[in-house]
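These notes concern the structure reproduced below.
Numbering (my numbering), first residue to last: 26 to 393.
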């Protein structure tokens with residue numbers, strides 16, 4: 026009996042215990058007429074630190090070690106809340122109800138025409154003038170042995186920005202010890218409505234030291250959504266074969282960027298089943314050794330080479346400029362409500378919208 030108790034005591038003392046990660050909350054700043062926004066910090070055992078704000082459901086900072094183990098911030102953003110309250114190109118935010126463009130800011134649904142807010146010329150972009158990026162979400166933190174993070178909820182009322190339906194939305198950010206930032210989306214509605222959510226983070230794996238021309242990008246797609254004026258889809262899906270848009274074999278972003286007017290801004294077609302995540306893209310910065318993979322359940326991924334960043338001052342007083350970052354926005358296709366041949370974005374009462382996107386990080390080690 027005593028031998029058994031001794032062994033039990035010995036094992037309990039010397040077997041390593043798995044400790045849960047923690048989430049730290051601090052005040053990020055005041056929102057006039059609303060209250061204080063918060064900033065949540067999560068750090069894993071490998072030195073990755075994620076910071077998320079409940080204003081705009083925003084990734085504010087993401088520190089990732091380089092090949093020498095030195096952590097560096099790989100997303101653009103602002104040091105203070107004031108930067109997010111001013112006009113900016115959706116840096117780090119969740120955009121919705123509908124990510125990307127809806128032509129002429131309108132769509133037909135069950136015989137009724139819904140007119141949306143026109144906030145991009147005559148079209149509708151990223152949910153309108155006051156989209157999900159410009160509201161305060163309700164946040165609750167969590168932590169367990171599998172990871173830690175923040176769940177954020179928002180209620181979008183019927184006809185908000187022109188969309189039908191009382192919509193309950195939940196976005197959960199989780200950081201785990203496999204170096205994954207997982208974004209899980211859920212939503213329900215009381216009326217048929219269109220929904221298409223994404224995170225609009227701007228990535229630079231070399232800490233915004235220079236443009237992303239030397240970042241080596243692979244996109245696991247052979248087809249893309251053809252667009253015309255104002256980047257509105259024509260309805261055609263075209264092969265990337267023989268074009269500057271072909272990233273099936275990794276290549277530096279700067280190799281062909283000047284062959285595309287203004288830079289890259291297009292939606293690639295993915296071949297997943299919509300239920301399990303598939304590898305959509307991989308980007309590597311040779312200088313820092315950092316690598317990021319994007320996996321998703323979504324049918325498409327928008328590759329945007331930050332063509333309109335000039336005039337913005339970001340974290341650390343860095344003046345942002347064209348092509349300083351890239352966005353890999355997992356989502357449905359643009360203008361799906363007006364394109365019946367595209368995968369549907371329609372959500373009905375009794376259904377639950379479920380999507381997942383993962384940004385997974387690694388790095389190369391110094392050569393011997």
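Yeah, the Cβ is synthetic: ideal placement off N, Cα and C, and Gly gets one too.
7 Å or more divides the Cβ of residue 295 from the Cβ of residue 260. Residue nearest to residue 87 within the set 206, 252, 349 is 206 (criterion: CA-CA distance). The residue from 59, 50, 141, 338 with its alpha-carbon nearest to that of residue 68 is 50. In the displayed model, residue 154 falls within coil according to three-state DSSP, outside both helix and strand. Counting the other CB atoms within 10 Å of its CB gives residue 335 a total below 16, which places it among the exposed residues. For residue 75, the enclosing beta strand (DSSP E) begins and ends at 74–78. Every unbroken stretch of the beta strand (DSSP E) spanning 3 or more residues and falling wholly within the region 148–236 is given here in chain order: 163–169, 172–181, 192–200, 205–214. Between residue 305 and residue 322, the gap from beta carbon to beta carbon reaches 7 Å or more. Within the region 296–332, the runs of beta strand (DSSP E) that reach at least 3 residues and sit entirely inside it are, in chain order, 303–309, 315–321, 325–329. Here residue 151 is buried: its Cβ has 16 or more other Cβ atoms, across all protein chains shown, within 10 Å. The criterion of a C-beta distance shorter than 7 Å is not satisfied by residue 228 and residue 289. With a threshold of 16 other beta carbon atoms within 10 Å, residue 257 meets it and is buried. For residue 370, the CB contacts under 7 Å within the same chain, skipping 5 residues up- and downstream, are 219, 220, 221, 357, 361, 362 in chain order.
The beta carbon of residue 230 lies closer than 7 Å to those of 99, 240, 308, 310, 313, 315, 317 in the same chain, with the five residues before and after it left out. Around the CB of residue 238, fewer than 16 other CB atoms lie within 10 Å, so the residue is classed as exposed. Residue 78 has its alpha-carbon roughly 18 Å from the corresponding atom of residue 58. Comparing alpha carbon positions, the residue from 351, 201, 270 closest to residue 386 is 201.
Contact between residue 158 and residue 81 holds: CB atoms are separated by about 4 Å, below the 8 Å threshold.
DSSP places residue 136 outside any alpha helix (DSSP H), giving it a letter other than H or E. By the C-beta density criterion, residue 180 is exposed, having fewer than 16 other C-beta atoms within 10 angstroms. Here the alpha carbons of residue 95 and residue 127 stand approximately 42 Å from one another. If you draw a straight line from the Cα of residue 141 to the Cα of residue 134, it comes to about 13 Å. The shortest C-alpha to C-alpha distance from residue 163 to any of 374, 368, 65 is the one to 65.
In this structure, the straight-line span from the alpha carbon of residue 377 to that of residue 182 is close to 17 Å. Considering only 122, 347, 60, 103, the residue with the shortest C-alpha distance to residue 235 is 347. Rounded to the nearest whole angstrom, the C-alpha separation of residue 197 and residue 174 is 7 Å. Residue 98 has 88 as its beta-bridge partners, per DSSP.
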